[in-house]
Amino acid sequence: MNLTLIAYGIAKDILKGSESTFSIKGQPTIGDIKAKLIADHPAFAELQSLKFAVNQDYQSDDFKVSENDEIVIIPPVSGG
Amino acid sequence: MNLTLIAYGIAKDILKGSESTFSIKGQPTIGDIKAKLIADHPAFAELQSLKFAVNQDYQSDDFKVSENDEIVIIPPVSGG
Amino acid sequence: MIEILVTTDKLIPQSSLDAVADPSAGGTTQFIGTVRNQTKGKKVLKLEFEAYVPMAEKEMQKIAEEVEKRWNALHVSMHHHVGTLEVGEIPVVISVATSHRKAAFEACQYAIDTLKETVPIWKKEYFEDGEVWVAAHP
Amino acid sequence: MIEILVTTDKLIPQSSLDAVADPSAGGTTQFIGTVRNQTKGKKVLKLEFEAYVPMAEKEMQKIAEEVEKRWNALHVSMHHHVGTLEVGEIPVVISVATSHRKAAFEACQYAIDTLKETVPIWKKEYFEDGEVWVAAHP
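Protein chains in written order, with my numbering: chain L, 199 to 278; chain Z, 199 to 278; chain U, 73 to 210; chain G, 73 to 210.
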């Protein structure tokens, strides 16, 4: 499956861009995506937290993503 | 000693005016003044509370007033 | 800095905010009181506020000083209206600026709670069938 | 009523107050965040806010709904700025109107505390010697 991850904040700096596309076997979970992202870019492991949103809702590691989902990397938020 | 009590809020309604002057023996305390006020105007006894300020500070029953003090009756406050 | 105002002018929340503006402030909490349209189900037509002004200012100053001391507030502004107000209008505005936001909430709440207990200001509610000095009787 | 706004426009506290105005409100609490001139002693030049806007609005909506439900708030307004801000400018304004004032304080504090935890907005601080995404690293 081809996935596009959308990046904001420090995730954009780590990926050197606001999107990152990669291929992954089968129907991956958020946990799978997180593992691959950290393997490719170890800087993600150093963040205070690393969350993911699918179609504008937070999802946990066991959530399975589908082909056209909007997947966004959520590094530690700091609004307000 | 001649005393002038200044009245606000419901105290003004009870006294039917914003000032009340009366004579009292010796150098009275706030407690003496309160007792006389309630004796003359029993409606004061029905209030939720009855405090007095002397020269713009709250004073308790044992405080002795002097000739030119500014004495104000403070019925229950309700600002805000 | 402390700003205390007891006035017959219309209160402007922004003007109280301006009084506490500070480049080292991280958060400002503001309380804005408004005249409610009813009290215990009875329709309120208007309110009238009367103050023993010099003492009201003095008591508000004491509250603001306590807020500065206890919560390390940068600035405190307390405005209170005297005179007649219609439903929706503003009798009181309090602003507290602090370096950190938690203190701002506690401090602002202390200020309005204490104002209602100690500051010599009296409010009369006008109903369709009469008027009453608020809180006068048990 | 809930009003959520994520905008590049300058935030106006009065406009957030206007959004929560209600004749049955007895008190409104407002939190106004401002850009501080320093962080841990280092001079801050400016801040830049970036948001995942549709989700930020959705998360802010959730917070406002919780505030309405838990504190029985009449109205909630949450405004957040995106883009560059100078020291003293306003990244966030939250207003909560309630029938009684105690609830307004608790509700407004919950709203800003939760916004800082859950809403996908990121803040970069610019110092004289570099820049940093706030809270990114332990």
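Ideal placement from N, C-alpha and C gives every residue a C-beta, glycine not left out.
Just to check my reading of the structure: residue i and residue j have Cβ atoms closer than 8 Å, yes? What is that Cβ distance to the nearest angstrom?
i	j	result
G/G98	U/T106	7 Å
G/N109	U/S171	The Cβ separation is near 11 Å, so there is no contact.
Z/M195	Z/P240	In the structure displayed, chain Z extends from 199 to 278; residue 195 of chain Z sits before or after that span and is not available.
L/G207	G/W194	3 Å
G/P210	L/Q246	5 Å
G/V206	G/E197	6 Å
Z/N253	Z/D267	6 Å
Does the Cβ-Cβ distance between residue i and residue j come in under 8 Å?
i	j	result
G/L83	G/H151	yes
L/I269	L/V275	no
U/V154	U/A123	yes
L/D230	L/I222	yes
L/K234	L/F250	no
G/V168	G/T101	yes
U/E131	U/P192	yes
L/L203	L/I272	no
L/G278	G/P163	yes
G/F103	G/L157	no
Z/A209	Z/E217	no
Would you say residue i touches the ligand SAH, meaning its beta carbon is less than 7 Å from a heavy atom?
i	result
G/H147	As presented, the structure is devoid of all ligands, the ligand SAH included, so that no description of it is given.
Provide the residue(s) that pair with residue i in DSSP beta bridges, ordered along the chain.
i	result
G/H152	G/V78 and G/V164
G/Y124	Bridge partners of G/Y124: none, in fact.
G/H147	G/A169
L/S221	L/N200
U/I104	U/V165 and G/T100
L/I272	L/K249
G/K118	G/E158 and G/Y198
L/Q257	L/F250
G/V204	G/E197
L/K232	In the DSSP output, where bridge partners are listed per residue, L/K232 has none listed.
L/K262	L/T227
U/A179	According to DSSP, U/A179 bridges with nothing at all.
U/T111	U/K114
Z/A205	Z/I271
Does the Cβ of residue i have 16 or more other Cβ atoms within 10 Å, making it buried, or fewer, making it exposed?
i	result
G/N177	Here residue 177 of chain G turns out to be Phe, not Asn, going by the sequence shown. Buried, by the Cβ-count rule.
G/L117	exposed
L/G224	exposed
G/G202	exposed
G/A128	buried
Z/F220	exposed
G/G113	exposed
U/R173	buried
Z/A243	exposed
Taking residue i as the reference, give the member of the options with the closest Cα.
i	options	result
U/A183	U/E203, U/R173 and U/I166	U/I166
U/A179	U/E140, U/K196 and U/F199	U/E140
Z/F261	Z/L245, Z/N253, Z/D255 and Z/I228	Z/I228
U/V92	U/S149, U/V78 and U/T111	U/S149
U/I74	U/F199, U/E161 and U/I135	U/I135
Z/L248	Z/I236, Z/D267 and Z/S218	Z/I236
G/V159	U/E138, U/D81 and U/D94	U/D94
G/E138	G/Q181, G/D90, G/T111 and G/L119	G/Q181
U/D90	G/V204, G/L77, G/E161 and G/N144	G/E161
G/T186	G/S88, G/Q133 and G/L119	G/Q133
Can you name the residues of chain A whose CB is closer than 7 Å to the CB of residue i?
i	result
U/V206	Chain labels in this structure do not include chain A; the protein chains are L, Z, U and G.
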